[in-house]
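Reading through the structure tokens given below for one structure.
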Amino acid sequence: MNKIGFNVLAWTAAVSDDLFPILDRLKGIGYDGAEFYLGPQESAAYQRVGNYTKDIGLETTAVMTLGADENPVSESVEVRQKALDKIKWAVDRAHDLNAKIICGPFHSAHTVFVNRPALDQEYALAGEVLHAAADYAAQANITFALEALNRFECYLCNTMEQLLKLVKAANHPHVRAMFDTHHSNIEEKKYSTALQTIAPVLAHVHISENDRGTPGDGQVLWDDAFSSLAAIKYQGWLTIEAFSRNDPDFANAIGVWREFSDPWDIAENGYKFIREMSLKHGL
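In structure tokens:
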């Protein structure tokens, strides 16, 4: 079966020793790995968490975002250089974690808009930054899994068609794509068509309910999602990404204003749900 992961953003965006009891319980539930947000903590914190997960038998993946002052599609050479520097920094922190995948929408600045559709020039600019960053990531055998977001969080990449265009612009074997059931539930016509489009470069999948709560409790068309993943013979991670207000600063930054589900309800029932759906659809 595909490996099943859980993003600890359901509790906190910080990488610290405080996560150890959470990681122990995730391992006990049956998870194969945990996913961490690459925030401002020092290298030593990432190394401790990376060593701990390795010792208890959990693998790791990572996720990152960029802000307005480090935007790969900016007209400013200086801002694009800051974007490249930040991604390289994130590669180092992912290496500290022993992670081989960095996913997320770091092709552009999160929630930064320009009041028009994306331009071909912006795909080219993002591609240049990502190609240079991927040269650095390749040294640590780290792959980028770029994420398309819904229209309320991003204008550059909302669909798998746009995401494929961006991956082609980067033109690097370590620049690939991810699929998120939450964003695709908003932006795509059909999961099957979207996944067929992105299949040649698909490297990571987020399992996320329409309300960011427990997978299986909402409106996502899960049979379509899992059968379509099986049809393209996807063999990567199935990682639950769900949010809460446990970390107020992070919750405020992403527009989470209420609790969706208890994080442990998400973790325990979400794991069972993924296993059941995977077995049902032969994934």
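For what it's worth, the UniProt record's numbering labels the leading residue of the sequence shown as 1, then goes sequentially. Glycine included, C-beta positions come from ideal geometry on N, C-alpha and C. Model, not experiment: these values are computed from the prediction.
- Boundaries around R275 are those of the alpha helix (DSSP H), 263-281, since no beta strand (DSSP E) includes it.
- Between the C-alpha atoms of A242 and D262 there is a straight-line separation of about 10 Å.
- Burial state of Q235 is exposed, judged by a 10 Å Cβ sphere holding fewer than 16 other Cβ atoms.
- In this structure, A34 and L58 form a Cβ contact; the two beta carbons are roughly 6 Å apart against a cut-off of 8 Å.
- Annotation: the continuous alpha helix (DSSP H) that includes I87 extends over 77-97.
- Judged by beta-carbon spacing, A94 lies within the 8 Å limit of I142, meaning their Cβ atoms are closer than that value.
- Boundaries of the alpha helix (DSSP H) around N51: 43-56.
- L23 is not a Cβ neighbour of A62, given a cutoff of 8 Å.
- For the segment 126-204, the continuous alpha helix (DSSP H) assignments of 4+ residues that do not extend past its boundaries occur at 160-170, 181-187, 191-198, in sequence order.
- Beta-carbon to beta-carbon, V175 and H131 are separated by about 7 Å, close enough to satisfy the 8 Å threshold.
- At a Cβ-Cβ threshold of 8 Å, V77 and A126 do not count as neighbours.
- Take the alpha-carbon of I4 and the one of A148: they are about 21 Å apart.
- In this structure, A145 and M178 form a Cβ contact; the two beta carbons are roughly 4 Å apart against a cut-off of 8 Å.
- The beta carbon of T12 sits closer than 6 Å to the beta carbons of D247 from its chain, once the five residues preceding and following it are set aside; these are given in chain order.
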